[in-house]
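> Quick note on our numbering: the sequence shown kicks off at 1 and runs consecutively. Beta carbons are placed, not taken as given, at the ideal position from N, Cα and C, and that holds for glycine. Supplied in structure tokens, the structure appears directly below.
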Amino acid sequence: FVRGRPTIAISVTAVRAPKFESPAIMLEMVAQRLCEQPPDFNLFLNINVPSLPVDQLAGVQVTRLGNRSYGESVREEGIGDQKKYKIARDRPISGEAQPGTDMWAVKNNHVSITPLHIGLGNSDQIPDVESLLDGIPGQLLSHKD
1 FVRGRPTIAI SVTAVRAPKF ESPAIMLEMV AQRLCEQPPD FNLFLNINVP SLPVDQLAGV
61 QVTRLGNRSY GESVREEGIG DQKKYKIARD RPISGEAQPG TDMWAVKNNH VSITPLHIGL
121 GNSDQIPDVE SLLDGIPGQL LSHKD
């Protein structure tokens with residue numbers, strides 16, 4: 001929620017050549033629902049969409065944040081005296097993704113919708129978000145042609 005308005009953050013789980021059709025459809029459906037049925041609670045949704053065509057998505061899950069940890073590496077770049085250092089979180093060091101988490105959902109080709117709050121995960125809102133988004137998983141999957 002930003003300035004008292006429902007807020008959506010959406011991302012595609014791809015670094016190279018992301019497919020934007022599925023996230024665009026998902027964002028349109030969720031935004032439409034929030035306009036038609038504004039929630040009576042502060043809402044900040046984090047939506048992660050696998051980089052797949054709609055017909056390859058397994059479904060939509062309302063999730064909690066998974067535990068994720070990454071090791072960092074530092075790479076020096078530049079020419080001559082002009083050096084730059086790039087810090088990359090590129091080495092996953094956490095365990096297996098657990099069912100019910102955003103990581104598990106995306107790994108298994110589901111769209112993940114995670115309610116957040118300023119302190120990050122807000123699993124108390126999962127039932128409210130599931131109710132608010134009722135029918136959207138089927139609506140998304142109906143785009144499979």
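1) Drop a sphere of 10 angstroms on the beta-carbon of P99, count the other beta-carbons inside from all chains shown, and report buried for 16 or more, exposed for fewer.
2) Just to confirm, is the Cβ distance from N46 to A9 under 9 Å?
3) What residue range is occupied by the uninterrupted beta strand (DSSP E) comprising P127?
4) On a Cα-Cα basis, can you pick out the residue from P23, L116, D128, I126 that is closest to T7?
5) Would you list the one or two residues that DSSP bridges to V111?
6) Between the Cα of L27 and those of N42, V111, L65, F41, spot the shortest distance and give me the residue it belongs to.
7) Sorted by chain position, which residues of the same chain lie with C-beta nearer than 6 Å to K19's C-beta, five sequence neighbours on each side aside?
8) Is the beta carbon of D40 sitting closer than 9 Å to the one on H143?
So, to answer that:
1) exposed
2) yes
3) It is not in any beta strand (DSSP E) - P127 instead sits in the alpha helix (DSSP H) that spans 126–132.
4) L116
5) V60
6) V111
7) S51
8) no
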